[in-house]
Amino acid sequence: MSVSSPPASAAVPAVEPLGIAGRTFHSRLILGTGKYRDAETMVAALAASGTEVVTVALRRVNLDELGKGSLIDRIDPKRYLLLPNTAGCFTAEEAIRTARLARELGGWNWVKLEVIGDPETLFPDVQATLEAARTLVAEGFVVLPYTNDDPIVAKRLEELGCPVVMPLAAPIGSGMGIRNRANLRIILEHAKVPVIVDAGVGTASDAAVAMELGADGVLMNTAVAEAREPVRMAHAMRLAIEAGWHARRAGRIPRRLYAKASSPLDGLIE
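With the sequence shown counted from 1, adding 1 to any position gets you our numbering.
Here is the structure:
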């Protein structure tokens, strides 16, 4: 017996592209390049994830080795937008200097801004982050700031001219998933720029939850790089981002305290 194809109207639409600062990305997953056991695994994981934006911690890369087999040379510029990261900076001055150096040596004017306030928790220094963002935006950088899940701070960064805000889900590398859904929802409700959940994701379900809550994307590194099978996990994250995006738009059923029968009880044949 032949099975007819579903009507064209039943086709599931593709995930909408993400626009940031005049650029369009078809993937809503941003992936880091640190902590992989070797460069080959990193390259394979990037490909499996479908990402189009890749972060690199500049303070861990020797920029003098560009074109000589450095980590950055493994990242195909025709396939990925390289997003320099000021990870490891503990003052606004360090972060600003690192971003300027990246633009001077590599021509990069996009930067993932991190200013860390504490080496144990790796929580951001809010005051220094705002200070660095103000300066870098004024100098023409496209600033994607890592921040805490404070709606007021997110608003201030938006007002400074950051084209996205990137609140943490949990401490960097913790794998705990989203710890404060209420604050994240407030940020999402009020932001007029894309919101990308950054840090703390542990597995695919965490990424799906972020997207179901309404996030525009997710940035991660450790969850993929330190997985037992990084390439497989990268693929899982890709699927989770897409599933969460679709689920958000499909509309979940309301939560109920009591059961509701899947099959109506009215009109049963006696």
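Using N, Cα and C, we set each Cβ at its ideal position, and we do this for glycine too.
Test item: CB-CB of residue i and residue j under 8 Å
i, j, result
"L240", "G201", "no"
"L158", "P146", "yes"
"V196", "I188", "yes"
"A22", "V210", "no"
Three-state secondary structure (DSSP) of residue i
i, result
"D199", "strand"
"M234", "helix"
"N110", "coil"
"G31", "The amino acid at residue 31 is misidentified as Gly; the sequence shows Ile. Note: I31 maps to strand in three-state DSSP."
"L83", "strand"
"M167", "strand"
"L131", "helix"
"M177", "coil"
Rounded C-alpha distance that separates residue i from residue j
i, j, result
"L137", "V112", "9 Å"
"L72", "T87", "16 Å"
"R24", "I153", "27 Å"
"G141", "G108", "12 Å"
"V127", "E94", "14 Å"
"P125", "L59", "17 Å"
"Y37", "L220", "16 Å"
"T92", "L83", "23 Å"
"M2", "V232", "Low local confidence applies: a pLDDT of 46 at M2 is under 50, so the model's placement there is unreliable, and no value is given."
Integer Cβ distance of residue i from residue j, believed to fall under 8 Å
i, j, result
"V166", "A129", "Not really, about 16 Å apart at Cβ, beyond 8 Å."
"A224", "G176", "6 Å"
"L185", "D151", "Not quite, the Cβ-Cβ distance comes to about 11 Å (not below 8 Å), so this is no contact."
Option in the options with minimal Cα separation from residue i
i, options, result
"A139", "E160, I254 and P120", "E160"
"T56", "A237, R135 and D199", "D199"
"A134", "V116, R38, L123 and G203", "V116"
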